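See structure below.
There are 2 protein chains.
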Amino acid sequence: MPKAYEEIADDLRRSIRTGGLPPGARLPAETELARRFGKSVPTIRNALRMLSAEGLIDKRHGSGTFVRRPRTRTLRDNTRLQWDKDRARMPEATRAATGATEHETGLVLDDLVFFARYRELGAPGDLAEAFGVPPGTVLLERTYRTRCSAEPAPFSLVSSYLVRDLIAANPALLDETREPWPGGTQHQLRTVGIEVARVEERVTARPPTPEEARELDLPAGTSVIVLRKTSYDIHGRVVDVSVVTLPGDRTELLFTTHLERW
Amino acid sequence: MPKAYEEIADDLRRSIRTGGLPPGARLPAETELARRFGKSVPTIRNALRMLSAEGLIDKRHGSGTFVRRPRTRTLRDNTRLQWDKDRARMPEATRAATGATEHETGLVLDDLVFFARYRELGAPGDLAEAFGVPPGTVLLERTYRTRCSAEPAPFSLVSSYLVRDLIAANPALLDETREPWPGGTQHQLRTVGIEVARVEERVTARPPTPEEARELDLPAGTSVIVLRKTSYDIHGRVVDVSVVTLPGDRTELLFTTHLERW
DNA sequence: GAGTGGTCTAGACCACACG
DNA sequence: GTGTGGTCTAGACCACTCC
Numbered sequence: 556m557p558k559a560y561e562e563i564a565d566d567l568r569r570s571i572r573t574g575g576l577p578p579g580a581r582l583p584a585e586t587e588l589a590r591r592f593g594k595s596v597p598t599i600r601n602a603l604r605m606l607s608a609e610g611l612i613d614k615r616h617g618s619g620t621f622v623r624r625p626r627t628r629t630l631r632d633n634t635r636l637q638w639d640k641d642r643a644r645m646p647e648a649t650r651a652a653t654g655a656t657e658h659e660t661g662l663v664l665d666d667l668v669f670f671a672r673y674r675e676l677g678a679p680g681d682l683a684e685a686f687g688v689p690p691g692t693v694l695l696e697r698t699y700r701t702r703c704s705a706e707p708a709p710f711s712l713v714s715s716y717l718v719r720d721l722i723a724a725n726p727a728l729l730d731e732t733r734e735p736w737p738g739g740t741q742h743q744l745r746t747v748g749i750e751v752a753r754v755e756e757r758v759t760a761r762p763p764t765p766e767e768a769r770e771l772d773l774p775a776g777t778s779v780i781v782l783r784k785t786s787y788d789i790h791g792r793v794v795d796v797s798v799v800t801l802p803g804d805r806t807e808l809l810f811t812t813h814l815e816r817w
Numbered sequence: 556m557p558k559a560y561e562e563i564a565d566d567l568r569r570s571i572r573t574g575g576l577p578p579g580a581r582l583p584a585e586t587e588l589a590r591r592f593g594k595s596v597p598t599i600r601n602a603l604r605m606l607s608a609e610g611l612i613d614k615r616h617g618s619g620t621f622v623r624r625p626r627t628r629t630l631r632d633n634t635r636l637q638w639d640k641d642r643a644r645m646p647e648a649t650r651a652a653t654g655a656t657e658h659e660t661g662l663v664l665d666d667l668v669f670f671a672r673y674r675e676l677g678a679p680g681d682l683a684e685a686f687g688v689p690p691g692t693v694l695l696e697r698t699y700r701t702r703c704s705a706e707p708a709p710f711s712l713v714s715s716y717l718v719r720d721l722i723a724a725n726p727a728l729l730d731e732t733r734e735p736w737p738g739g740t741q742h743q744l745r746t747v748g749i750e751v752a753r754v755e756e757r758v759t760a761r762p763p764t765p766e767e768a769r770e771l772d773l774p775a776g777t778s779v780i781v782l783r784k785t786s787y788d789i790h791g792r793v794v795d796v797s798v799v800t801l802p803g804d805r806t807e808l809l810f811t812t813h814l815e816r817w
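Going down the list, the protein sequences come from chains U and P.
Heads up, the first sequence is in the numbering used here, so the first residue is 556 and it goes up one at a time.
Heads up, the second sequence is in the numbering used here, so the first residue is 556 and it goes up one at a time.
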């Protein structure tokens, strides 16, 4: 027996894919759809919930159900890592003038609103393993939120971890009021003699937690991209671990790999 | 006024996060939960649907609701691109002996089940633009499904596109029965004198379409990672565009970036 | 067969958007 | 104010799983 709500969802999905219902279009009211399909309102709602979970529609309380428009994506490019490294050797004036790049995204801090918070904690198991230190070693946790001044929601949630003893030689690095630091993390590390030689970025995706959905202003039917970044210095030692949570509907990651010539 | 189903969802979510309900544990029946929380069954179902969408629980018709266990992730490493390139110059015996790497994933074709289908089509707008050719130019579309012999579902959906005239010099490249090709795409391109110098991989994430959920056997509350791979030859010409769809609950992408020394 | 979640109905009342 | 979707109830019947 065909399930009514799936048939209805299929029907509407087809209309959306073929363009019969273009992006931004308003769907008929649920009561109207119930009448047309000859089913009850809860059944219609069931069908619409499927489409909502797939990210095809947005339901707006009080005004209707609309076909979702694709979001414009911000690009996050791994060549920014080299660019950051080059910049870390520039004089402060230059570093400040180029505009501090937004941490972890590669955007420029011009019309960006920036927020940072520092906290010390004992390394939990997974971070201790990542750094190769005993569990409980004191880490500095730095939490960042950055957003365009135009948009209300941040475009990334960043937690960066450093081993405190590795950077304590420069007390300024422990002071959150010095953020945003001109030149970024690579310059901060340079002030204590650390040079980053290699960065590993691990990418996964999953649905957002309610907290992430709230902070990133994510509608139903979207995913987050979770990027776990590990920075190694020239001796192969782990010097920074960052966890970056990005909105899947607004973010594109670009990784360029150069191959050796034959 | 607090919403009942959110309160219930929060309560259960807390139990799951703190470990009060460990992975694999069965939740009480919906009727039982309704009794405990003093709400109707549909309200309980509403709360459970939230947790399901977040990927915290699995509902199994007939047997109950369970806390989801994290899946083990397969790693997809961008250093495989160089490895593939090196292998493309090996003699056929070596290429076959190393086991043809699974296209786009870096796994070895030992206990892998492999399926390929070829088709020609006129380039639609986005692909024509990516290749820098006029729309309608004939492309070869190659569709791959690969899975572990143990698992029923494939671990990636791959569509690879080549400009037919660029590879037609070797008719074997147009023959799907030659798959799996020992040495992979980079060796295939080598047979017509093409050397890949650079690969760009663009990563996004979103909820699966119903078709993807079916093919990849994705439960509710998971995402897909979409990887759009563009290969450039030594003259900067685009020679391959691939779209790879990966299950977000079973996949981790690893990108390593080496930085120049100071 | 007993128990589970899945589908569907019918309707009441509330919260929100917009004119 | 009017119409929209959001929440919640109460219950019937079906389909699946497992003993």
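Here a beta-carbon is modelled for each residue, glycine too, at the ideal position from N, C-alpha and C.
Note that the structure is predicted; figures quoted are calculated from it, not measured.
Practice problem: Work out the CA separation of residue 704 (chain P) and residue 803 (chain U) for me, nearest whole Å. | Solution: 32 Å
Quiz item: When you compare only the Cα positions, how much space is there between residue 585 (chain U) and residue 738 (chain U)?
Solution: 53 Å
Quiz prompt | Proximity to residue 787 (chain P) [Cα-Cα], best of P:730, P:799, P:741 | solution = P:741
Quiz prompt | Terminal residues of the beta strand (DSSP E) in which residue 686 (chain P) lies | solution = Unbroken run through residue 686 (chain P) is the alpha helix (DSSP H), 680 to 686; no beta strand (DSSP E).
Practice problem: Please determine, among P:728, P:711, P:713, P:712, the residue with the shortest C-alpha to C-alpha distance to residue 719 (chain P). | Solution: P:728
Quiz item: Just the Cα atoms here: how many angstroms apart are residue 659 (chain U) and residue 626 (chain U)?
Solution: Unreliable placement is indicated for residue 659 (chain U), whose pLDDT of 48 sits below 50; no coordinate value is reported for it.
Quiz item: Would residue 620 (chain U) pass as a contact of residue 569 (chain U) if the rule is Cβ separation under 8 Å?
Solution: With contacts defined as CB atoms closer than 8 Å, residue 620 (chain U) and residue 569 (chain U) fail to qualify as a contacting pair.
Practice problem: Could you say which of P:684, P:812, P:563 lies nearest to residue 598 (chain P) if we only look at CA atoms? | Solution: P:563
Exercise. Give the residues from the stretch 675 to 686 of chain U that approach chain P closer than 8 Å (Cβ to any Cβ), ordered along the chain.
Key: none
Quiz item: Does the beta-carbon of residue 647 (chain U) have 16 or more other beta-carbons within 10 angstroms, so that it is buried, or is it exposed?
Solution: The residue is exposed, with fewer than 16 neighbouring Cβ atoms inside 10 Å.
Practice problem: Drop a sphere of 10 angstroms on the beta-carbon of residue 634 (chain U), count the other beta-carbons inside from all chains shown, and report buried for 16 or more, exposed for fewer. | Solution: exposed
Quiz item: Is the stretch 762 to 775 of chain P touching the stretch 741 to 754 of chain P, taking contact as three or more C-beta pairs under 8 Å?
Solution: no
Quiz prompt | Outcome for residue 794 (chain P) when other beta-carbon atoms lying within 10 angstroms are tallied against a minimum of 16 | solution = buried
Exercise. Please list the residues of the stretch 731 to 762 of chain P that have a C-beta atom closer than 7 Å to any C-beta atom in chain U, keeping them in chain order.
Key: The stretch 731 to 762 of chain P vs chain U, Cβ under 7 Å: 750, 751, 752, 753, 754, 755, 756, 757, 758, 759, 760, 761, 762.
Quiz item: Whole-angstrom Cβ separation of residue 801 (chain P) and residue 711 (chain P), contact assumed at under 8 Å?
Solution: 5 Å
Quiz item: Rounded to the nearest angstrom, how far is the Cβ of residue 694 (chain U) from that of residue 676 (chain U), given a contact under 8 Å?
Solution: 6 Å
Quiz item: Can you name, in chain order, every residue of its own chain whose Cβ lies under 8 Å from the Cβ of residue 591 (chain P), other than the five neighbours on each side?
Solution: 583
Self-check item: residue 624 (chain P) versus residue 579 (chain P): straight-line alpha-carbon distance, rounded
Solution: Distance between the alpha carbons of residue 624 (chain P) and residue 579 (chain P): 6 Å.
Self-check item: Alpha-carbon to alpha-carbon, residue 690 (chain P) and residue 696 (chain P)
Solution: When rounded, the distance between both Cα atoms is 15 Å.
Quiz item: If residue 845 (chain U) and residue 778 (chain P) are in contact, beta carbons under 8 Å, what's the gap, nearest whole angstrom?
Solution: Because chain U spans 556 through 817 in this model, residue 845 (chain U) falls outside it and cannot be assessed.
Self-check item: Beta-carbon proximity of residue 701 (chain U) to residue 669 (chain U), cut-off 8 Å
Solution: yes
Quiz item: Fully enclosed by the stretch 594 to 654 of chain P, which beta strand (DSSP E) runs are 3 residues long or longer?
Solution: Runs of the beta strand (DSSP E) inside the stretch 594 to 654 of chain P: 612 to 615, 619 to 622, 629 to 632.
Practice problem: Would you decide whether residue 763 (chain U) is buried or exposed? Buried here means 16 or more other CB atoms lie within 10 Å of its CB. | Solution: buried
Exercise. Using a Cβ cut-off of 8 Å (strictly closer), state whether residue 618 (chain P) contacts chain U.
Key: no
Quiz item: Can you list, in chain order, the residues of its chain whose CB lies under 8 Å from that of residue 733 (chain P), leaving out five sequence neighbours each side?
Solution: Hits under 8 Å: 727.
Quiz item: So the alpha helix (DSSP H) residue 765 (chain P) belongs to, where does it begin and stop?
Solution: Per DSSP, residue 765 (chain P) belongs to the alpha helix (DSSP H) from 765 to 770.
Quiz item: What is the rounded straight-line gap between the Cα of residue 589 (chain U) and the Cα of residue 575 (chain U)?
Solution: Distance between the alpha carbons of residue 589 (chain U) and residue 575 (chain U) is about 19 Å.
Self-check item: As assigned by DSSP and simplified to three states, the class of residue 740 (chain U)
Solution: helix
Quiz item: By Cβ distance below 8 Å, which residues in the same chain neighbour residue 805 (chain U) in space, the five residues on each side in sequence not counted?
Solution: 626, 627, 628, 629, 710
Exercise. Could you say which of P:617, P:611, P:560 lies nearest to residue 594 (chain P) if we only look at CA atoms?
Key: Proximity to residue 594 (chain P) across P:617, P:611, P:560 peaks at P:560, based on C-alpha coordinates.
Practice problem: Look at residue 618 (chain P) and residue 715 (chain P) and say whether their C-beta atoms are less than 8 Å apart. | Solution: no
Self-check item: Rounded separation between residue 645 (chain U) and residue 681 (chain U) - CA only
Solution: 35 Å
Quiz item: According to a CB-to-CB cut-off of less than 8 Å, which residues of the stretch 797 to 811 of chain U neighbour chain P?
Solution: 803, 804, 806, 807, 808, 809, 810, 811
Quiz prompt | Proximity below 8 Å, CB of residue 757 (chain P) to CB of residue 783 (chain P) | solution = Contact: yes.
Quiz item: Mind checking whether residue 678 (chain U) and residue 692 (chain U) have CB atoms under 8 Å apart?
Solution: In this structure, residue 692 (chain U) lies closer than 8 Å to residue 678 (chain U) by Cβ.
Quiz prompt | Own chain, CB closer than 7 Å to residue 687 (chain U), minus 5 neighbours either side, in chain order | solution = Closer than 7 Å at Cβ, skipping near neighbours: 793.
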